[in-house]
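Residue numbers (our numbering): 1234 to 1338.
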């Protein structure tokens, strides 16, 4: 199952609905994920773990980071400034930190 929880936060841009959405009985939101489609971060294999998605206009990225800090959960953010190489490096650094932290505790 893995050795820790990971919270993956993907910043999105909410877009206006082009019209009625009758086949969506409850949720009525459309969004475009950051970064642009040309970036392959969304296709990056992040440990083959189970993923659940949530959309919120009430929470900010800082709120999610604070939540992660309070509950000792790794938080990874994908936004317009994220690059594939930088994201892979963050995964490696976080993995090293967690492994070293487990041995010391």
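Using N, Cα and C, we set each Cβ at its ideal position, and we do this for glycine too.
Quick check: residue i and residue j, are their CB atoms within less than 9 angstroms of each other?
| i | j | result |
| --- | --- | --- |
| residue 1242 | residue 1313 | no |
| residue 1302 | residue 1327 | no |
Give the DSSP bridge partners of residue i, in chain order.
| i | result |
| --- | --- |
| residue 1266 | 1245 |
| residue 1240 | 1308 |
Whole angstroms are fine: how far does the CA of residue j sit from the CA of residue i?
| i | j | result |
| --- | --- | --- |
| residue 1296 | residue 1288 | 14 angstroms |
| residue 1333 | residue 1246 | 37 angstroms |
| residue 1229 | residue 1298 | Only positions 1234 to 1338 of the chain appear in this structure, which leaves residue 1229 out of reach. |
| residue 1330 | residue 1293 | 25 angstroms |
| residue 1317 | residue 1248 | 25 angstroms |
| residue 1252 | residue 1304 | 40 angstroms |
| residue 1320 | residue 1256 | 36 angstroms |
| residue 1284 | residue 1240 | 9 angstroms |
Which same chain residues end up closer than 7 angstroms to residue i when comparing Cβ atoms and leaving out the 5 residues on each side of it in sequence?
| i | result |
| --- | --- |
| residue 1254 | 1261 |
| residue 1323 | 1309 |
So which of the options has the shortest CA-CA distance to residue i?
| i | options | result |
| --- | --- | --- |
| residue 1264 | 1285, 1237, 1290, 1319 | 1290 |
| residue 1238 | 1251, 1252, 1300 | 1300 |
Near residue i, what residues of its chain come up, given a Cβ to Cβ distance below 8 angstroms and the 5 sequence neighbours on each side ignored?
| i | result |
| --- | --- |
| residue 1236 | 1331, 1335 |
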